[in-house]
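See structure below.
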């Protein structure tokens, strides 16, 4: 919802007038329940809500929502370098074509705002410190489970994800985890929630923020995705509390 | 498949000539097996088939199919107010961006057909009667299971969905349930089928209609979605029969 | 990624310059890790990688990637008739609208390359031989499980899929299976992996090729889809080995 001009053919933004012409009720819910309600709840900052929303709409390739929410993310304090890095991250966690659909929209917004290379993360940067012990345990466990099933996938997971992408400093690990968990929920990848929600909370996401992420994402990925995630989120919360 | 002119950039309709130029077999299956076969089966009315189809293509953001099937839905007896309400409903059950992708197509069709505000559901209308006992049981069960996990999601589910959206009179509960179940199957949300299929049948969907919904949706969401839903649908049928 | 001109409104291809303007890192990963790395691994031929990629991007409706990868598939030795048949096959295995999104892109590429009807599979062709015993067992098992749940779906599965589509000679069964398995993984349809991966291996896909398919598809469907598939793939491998 915005008055943004078309940024490209695949991502024409809608205006409130457009929405009203099909569903006055949907316009009302958008203004009152969503932008005027959910987004104002204090349990999650507007910047966090933008990270969750952007992750969800890229994970679902909801191109029509991208121009509005990419601009909103920048306005809510997501730096251009961070939005760039979210897209890079989701190439691995939601699919290359999902990231490319986001590139098609973001390039016009970056161009309009004069965001150039100097504001984008470099190809290679000083990596964040790695917790070698935690990563070693992860690699051993995945290797034992699946090393013989798909050695290439297991090796790439170590080399490209946990010893490269996750160490890029353009997005702090807590935000990278928040984006990852949001994409998992939005894509119905419930089997991966346990590992990544635990990692997110180890990286500093609070339980209250994780709970509100579910509240938020229900609107962007649909209630069924949020409800299908609930038992897995509950299990993570309970196991961490009982420790 | 239609000769509809482009309604917008994201939703160019294909003609039979286009399909034939890539796959004569796909044109044949579309004419013979799908439109000339499946759609003619008496187990489900053309109007119901349109509701199922529209729900599936919005749930999957199959924009290329939207112009043809939105027009077909209107021609099959889905009222403009009902199509509008299906889109509003799916904002909650398939994601806001899914509904917005549908708005982008529907606005042109509504404009072409001179469908104005007087034919659309109002923002607020006299709500349908609520079965307080059933809703109370639902709320207690969800609250006990998940109230401590994501209080915001649980509260919104009560306030926005079961005490607001589901009571809107623009779509009768049986049709609203049919759209919901179709979106769940099309999105692979098997964990939510049991609750909503039972609700659909409580709302008047017959077992034969539910069975044929699966037959129909296999074409629009792909066979794997239909087959993954089968055990859950079977379980609902068996439990209701043994009562 | 390509310099292909727009083939249609829904499928504008991106150039490296576009990607760089949003994320220099994503351009790097695309050139080095993906096209210059993954695609060069000997475990799967470029033609097979194209089949897997095309199946994944159609299954996920990643329209922005379609022009580049359809052209690449043709250049990697996928015949026009085979690409046509992949699209036809995925109408049934990923959804009619998914196939139609592919038609919208392929028609321009076929037109540009002068690919006409003589290079496309005919509507009806001499069917491949059917293993009646295997098909009989399949039909009995599915019939016993689900024949009373959705008779139409079960009948269509026999008539349209296993006694028609799968016997079309335009795609050899091994390739048809590879496309099917790739679409299942890309759409998170894990419950269907066991049947179709076994069928794929019966049709000649080696375990090493199946393993590398997972490695490959992680990039196009996202890591979570590949990891959610891993336990199901592992189970198939182990059961076949222990026989």
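Protein chains in written order, with my numbering: chain A, 4 to 246; chain B, 4 to 246; chain C, 4 to 246. Cβ atoms here follow ideal geometry from the backbone N, Cα and C, with glycine treated the same way. Remember, predicted model here, so these are calculated numbers, not experimental data.
Local Cβ density within 10 Å of residue i, reported as buried at 16 or more and exposed below that
i, result
"residue 144(A)", "exposed"
"residue 208(A)", "buried"
"residue 20(B)", "exposed"
"residue 47(A)", "buried"
"residue 80(B)", "exposed"
"residue 245(C)", "exposed"
"residue 120(A)", "exposed"
"residue 148(C)", "exposed"
"residue 9(B)", "Residue confidence is low: residue 9(B) scores 33 on pLDDT, short of 50, so the model does not pin down where it sits. No coordinate-derived value is stated."
"residue 132(C)", "exposed"
"residue 89(A)", "buried"
"residue 241(C)", "exposed"
"residue 136(B)", "exposed"
"residue 116(C)", "exposed"
"residue 199(B)", "buried"
"residue 68(C)", "buried"
"residue 140(A)", "exposed"
"residue 243(C)", "exposed"
"residue 13(C)", "Bear in mind that a pLDDT of 39 at residue 13(C), under 50, signals an unreliable position, so the number given afterwards is only what the model happens to contain. So residue 13(C) counts as buried."
"residue 228(B)", "buried"
Run of the alpha helix (DSSP H) containing residue i, from where it starts to where it stops
i, result
"residue 97(A)", "No alpha helix (DSSP H) contains residue 97(A), which DSSP labels as neither H nor E."
"residue 217(A)", "210-224"
"residue 198(A)", "196-205"
"residue 21(A)", "19-25"
Option in the options with minimal Cα separation from residue i
i, options, result
"residue 210(C)", "188(A), 155(A), 192(A)", "155(A)"
"residue 127(A)", "68(A), 173(A), 80(A), 161(A)", "173(A)"
"residue 194(A)", "87(C), 53(C), 226(C)", "226(C)"
"residue 26(B)", "69(C), 216(C), 103(C), 183(C)", "103(C)"
"residue 70(B)", "88(B), 105(B), 96(B), 91(B)", "105(B)"
"residue 72(B)", "184(B), 91(B), 22(B), 49(B)", "49(B)"
"residue 37(B)", "76(B), 242(B), 241(B), 218(B)", "218(B)"
"residue 162(B)", "142(B), 177(B), 117(B)", "142(B)"
"residue 100(B)", "159(A), 237(A), 16(A), 177(A)", "16(A)"
"residue 159(A)", "23(C), 44(C), 24(C)", "44(C)"
"residue 130(A)", "139(A), 68(A), 176(A)", "176(A)"
"residue 108(C)", "203(B), 22(B), 198(B)", "22(B)"
"residue 167(B)", "134(B), 122(B), 228(B), 35(B)", "134(B)"
"residue 123(C)", "78(C), 171(C), 139(C), 39(C)", "171(C)"
"residue 234(B)", "206(B), 197(B), 53(B)", "197(B)"
"residue 178(B)", "39(B), 56(B), 139(B)", "56(B)"
"residue 146(B)", "206(A), 169(A), 125(A), 237(A)", "237(A)"
"residue 212(A)", "39(A), 35(A), 54(A)", "54(A)"
Whether residue i touches residue j by CB criterion (9 Å)
i, j, result
"residue 188(C)", "residue 151(C)", "no"
"residue 222(A)", "residue 98(B)", "yes"
"residue 58(B)", "residue 181(B)", "yes"
"residue 93(C)", "residue 186(C)", "yes"
"residue 64(C)", "residue 65(B)", "yes"
"residue 29(B)", "residue 91(C)", "yes"
"residue 164(B)", "residue 95(B)", "yes"
"residue 51(C)", "residue 216(C)", "yes"
"residue 224(C)", "residue 76(C)", "no"
"residue 24(A)", "residue 82(B)", "no"
"residue 74(C)", "residue 118(C)", "no"
"residue 214(C)", "residue 153(A)", "yes"
"residue 157(B)", "residue 201(B)", "no"
Can you check the stretch 29-85 of chain C for any alpha helix (DSSP H) of at least 4 residues that lies completely inside it and give the ranges in chain order?
49-62, 69-78
Hey, which unbroken runs of the alpha helix (DSSP H) at 4 residues or more fall wholly within the stretch 137-195 of chain C?
154-159, 176-189
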